[in-house]
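Residue numbers (my numbering): 26 to 716.
Ideal Cβ positions, reconstructed from N, Cα and C, are used throughout, including at glycine.
Following: one structure in structure tokens, then a few remarks.
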């Protein structure tokens with residue numbers, strides 16, 4: 026039923042813990058504020074709403090500190106505008122909870138919400154039986170997603186969403202998507218499917234695929250493949266299975282699968298570590314496949330950096346998101362794959378030059394990432410004081426980074442304890458966004474130092490509400506907004522979410538729906554950045570600003586929601602992807618901090634099964650299933666299972682972990698003496714090694 030009448034009481038809003046004379050100083054302002062609200066309500070009536078009444082104000086109650094009493098007023102219980110189910114007057118709702126009676130209870134509520142208490146029914150989730158039921162369901166779904174080729178299991182499809190009318194390529198086996206599935210099968214002792222996957226995808230590597238008469242480099246692994254049943258020699262009575270690979274020539278946007286070969290090498294090593302069967306990686310065809318991938322990645326080009334130069338959309342999020350150049354995710358996978366390949370390459374005369382080039386790249390890459398991609402409060406202060414336009418071999422600001430590039434959100438986001446590796450680095454450009462997969466795999470693969478690895482996990486703990494919220498884990502933080510979103514993403518409607526009242530109902534706001542307009546009331550405002558900045562009703566802008574100025578931490582804002590969901594109010598890529606849960610767990614196991622992973626898994630268990638294992642979640646706190654998210658997504662299912670298996674057996678994480686190599690550290694000092702730039706400097710003057 027649509028909302029016809031609603032009364033909202035502000036009499037007992039909780040005031041912040043200020044000085045004892047707060048009420049005396051603000052009484053006049055509060056009266057003016059209440060009068061403004063009356064004016065605001067009358068204006069809303071004139072805008073076409075039937076009735077919105079504001080209760081009479083008792084100034085004594087309003088100016089009391091530390092009281093938020095339940096108000097006997099009708100409220101909008103849901104976005105649809107319905108009142109309480111029994112028809113009785115309902116109290117003001119904060120994050121779906123009513124009758125919050127005091128500061129202590131409210132603080133406990135805010136704390137529990139900040140720790141990620143998900144909304145909705147959680148029956149059975151907290152019990153051992155409930156968790157066991159979720160695991161059994163996940164295993165059943167994972168086995169149902171298995172694809173067979175000539176009667177043998179060969180992989181898992183991307184998603185089994187029968188409710189979607191558009192299948193696209195979700196019925197194919199993706200290399201990157203199968204990694205958590207393969208690890209889950211290995212840890213479960215089911216090795217055949219992983220062995221078949223490794224060998225059959227290797228056969229696809231040599232296929233010559235073209236796009237507009239251009240062939241990619243030899244050694245490129247496909248992004249995905251599909252098992253097709255076709256008639257044998259034109260006879261419909263006899264069929265055969267064939268593998269149809271996609272190297273990106275049919276993909277949306279024609280994105281190149283740069284990460285596929287890197288993931289394949291990592292899975293190959295994990296198979297040998299887990300099974301003890303080294304015969305697969307010692308096969309001639311497998312050794313040849315490893316070398317082809319390495320030669321493709323180590324090929325000389327125009328780039329002056331040791332990082333791998335790639336186009337946009339070439340990794341996990343295969344859509345335009347402003348990561349062209351040297352994205353962290355690719356560098357972390359590249360470094361890990363190089364270490365795994367060096368471990369598996371057979372020592373022979375033909376491999377000597379390749380191993381030498383591999384070692385040189387490992388040294389240069391590790392130094393480059395650790396030195397120039399790392400950022401914490403100390404490094405942020407250094408960048409803030411950078412001098413620009415430096416020309417010399419010993420320049421401090423080697424990439425000519427302008428201090429004005431430091432975004433305002435980073436100043437508030439960066440904690441005093443912790444740090445992370447930035448998303449991208451190019452001349453005069455630093456992408457300060459936090460990319461979860463790149464940072465976590467830098468820990469797993471040993472690209473980050475031990476201190477940096479702990480600092481990354483410290484950051485995740487410190488910024489849990491931003492990076493994890495109600496569902497682990499955001500793939501990228503923060504979101505791009507407005508014009509920046511349109512320019513960088515090309516106005517990609519898939520990677521957006523709309524400003525929705527429920528997104529602002531967490532901890533700080535009580536939101537009430539009046540048709541196409543929303544009244545947003547902060548109950549306790551700890552950070553002004555949470556205030557909605559889009560007031561599109563010009564005649565009420567002054568009143569909203571006046572409310573903020575008079576009642577210091579509180580405000581009243583009317584937000585008119587646009588009818589077009591792809592409006593400038595939309596943001597980009599506030600996406601929580603459950604697949605990253607398994608990378609988080611492996612990183613925590615390596616650094617002996619399992620409690621972080623345990624909290625994340627417990628959080629995921631509250632909703633994953635109930636939400637039908639979606640591909641991703643939208644909004645800042647992951648309250649919504651993704652607008653275009655597929656259900657029963659295999660990477661969500663397998664990522665959860667791997668996390669559970671590793672928590673039950675932490676030692677199993679060693680099949681994915683690579684440690685920091687002391688030989689590389691020693692090799693770096695040897696490279697200093699061979700640096701050709703030293704010959705161009707002054708005699709006796711030691712030049713720093715610049716990579």
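Out of 423, 644, 607, the CA that lies nearest to the CA of residue 621 is found in 607. Judged by pairs of C-beta atoms under 8 Å, the stretch 361 to 380 does not touch the stretch 421 to 435, as fewer than three such pairs exist. A Cβ-Cβ separation of about 6 Å places residue 609 in contact with residue 465 under the 8 Å criterion. With contacts defined as CB atoms closer than 8 Å, residue 247 and residue 205 fail to qualify as a contacting pair.
Between residue 194 and residue 271, the CB-CB gap stays under 8 Å. When the Cα atoms are used, residue 406 and residue 393 turn out to be separated by approximately 20 Å. Taking a C-beta distance under 8 Å as the contact criterion, residue 334 and residue 325 do not qualify as a contact pair.
Residue 500 places its beta carbon 8 Å or farther from that of residue 455. In the three-state reduction of the DSSP assignment, residue 613 falls in the helix class. With a cut-off of 8 Å on Cβ pairs, the stretch 438 to 446 is in contact with the stretch 481 to 489, counting three or more such pairs. Taking all protein chains in view, the Cβ of residue 223 is crowded by 16 or more other Cβ atoms within 10 Å, so the residue is classified as buried.
In the structure shown, the three-state DSSP call for residue 446 is strand. Counting the other Cβ atoms within 10 Å of the Cβ of residue 374 gives fewer than 16, which makes it exposed.
Assigned with DSSP and collapsed to three states, residue 422 falls in coil, not helix or strand. For residue 302, no alpha helix (DSSP H) run applies, since DSSP gives it neither H nor E. With a beta-carbon spacing of about 37 Å, residue 625 and residue 452 fall beyond the 8 Å limit used to define contacts. Burial is judged here by how many other beta carbons sit within 10 angstroms of a residue's own beta carbon; residue 263 has fewer than 16 and is exposed.
Burial is judged here by how many other beta carbons sit within 10 angstroms of a residue's own beta carbon; residue 279 has fewer than 16 and is exposed. Cα atoms of residue 601 and residue 660: separation of roughly 13 Å, rounded to the nearest angstrom. One Cα belongs to residue 227, the other to residue 311, and the distance between them is close to 7 Å.
A contact is defined here as three or more CB-CB pairs under 8 Å, and the stretch 342 to 352 fails this definition with respect to the stretch 408 to 417. If you look at residue 259, you'll find it isn't in any beta strand (DSSP E); DSSP assigns it neither H nor E.
In this structure, residue 166 keeps its C-beta atom at 8 Å or more from the C-beta atom of residue 489.
Residue 678 is a Cβ neighbour of residue 615, given a cutoff of 8 Å.
Beta-bridge annotation (DSSP): residue 601 is paired with 499, 642.
Residue 323 is not a Cβ neighbour of residue 470, given a cutoff of 8 Å.
Residue 214 counts as exposed, since fewer than 16 other C-beta atoms from the protein chains shown sit within 10 angstroms of its C-beta. With fewer than 16 other Cβ atoms inside 10 Å of its own Cβ, residue 253 counts as exposed. The beta carbon of residue 338 sits closer than 7 Å to the beta carbons of 278, 280, 344, 345 from its chain, once the five residues preceding and following it are set aside; these are given in chain order. For residue 184, DSSP records a beta bridge to 658. Counting other Cβ atoms within 10 Å of its Cβ, residue 197 reaches 16 or more and is therefore classed as buried. Under the three-state reduction of DSSP, residue 174 is assigned to strand. Of the residues assessed, residue 512 falls on the exposed side of the cut-off, its CB having fewer than 16 other CB atoms within 10 angstroms.
Note on residue 414: under 16 other CB atoms within 10 angstroms of its CB, so exposed under the neighbour-count rule. Counting the other CB atoms within 10 Å of its CB gives residue 681 a total of 16 or more, which places it among the buried residues.
Cβ atoms of residue 315 and residue 448 stay farther apart than 8 Å, at about 28 Å.
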